[in-house]
Amino acid sequence: MTEPASVRVDVWLWAVRVYKTRSAATTAIRGGHVRVNGDPVKASYSVKIGDEVRARIQGFDRILGVRKLLLKRVGAPLAAEAFEDRTPPPPPREFFAPIVTRDRGSGRPTKRERRAIDRLQGRDPQER
């Protein structure tokens, strides 16, 4: 079987397991979350070997180089061979004060709870 010269971008993203379903890939493309070689594309755009595909997934961009063209969804080891992951590593996480959340509908904090919240956020309750 010969490899095709090009494949639809939504089919390729689904086949290499970037998106769980083909309709999810199509929806992401319609929303402008997928770019090929820096340009926004439609779902019917044909990708070729050597193209760079940027897909925004859960707020982060994945940069993938097309190595193989797939028409069908394949297993994870074969899918990993079909693309080159060029995504830079995420920046190191900085330490922030813990985010204090309260149960919705629990009312206003008591004086004791407010002082505990102030301590967690690094505010000195004696400054007031």
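In terms of the working numbering, the sequence shown opens at residue 1182 and continues consecutively.
For each residue, glycine too, the CB sits at the ideal point set by N, CA and C.
Assigned exposure category for residue i - 16 Cβ within 10 Å defines buried
i: Asp1242; result: exposed
i: Thr1207; result: buried
i: Asp1191; result: buried
i: Ile1238; result: exposed
Beta-carbon proximity of residue i to residue j, cut-off 8 angstroms
i: Glu1265; j: Leu1245; result: yes
i: Val1215; j: Ala1236; result: yes
i: Gly1231; j: Pro1221; result: no
i: Val1197; j: Ala1260; result: yes
i: Val1217; j: Val1234; result: yes
Bounding residues of the alpha helix (DSSP H) (the contiguous stretch that carries residue i)
i: Ala1206; result: Arg1203 to Arg1211
Limits of the unbroken beta strand (DSSP E) element including residue i
i: Ala1152; result: Any question about residue 1152 goes unanswered here, given that the chain covers just 1182 to 1309.
i: Val1197; result: First-last for Val1197: undefined, no H or E at that position.
i: Val1215; result: Val1215 to Val1217
i: Gly1246; result: Phe1241 to Val1247
i: Ile1238; result: Glu1233 to Ile1238
DSSP state of residue i mapped onto helix, strand, coil
i: Glu1294; result: helix
i: Asp1305; result: coil
i: Asp1266; result: strand
i: Arg1300; result: helix
Contact test: residue i Cβ vs the ligand MG heavy atom, cutoff 7 angstroms
i: Phe1264; result: The ligand MG is not part of this structure, which contains no ligands at all.
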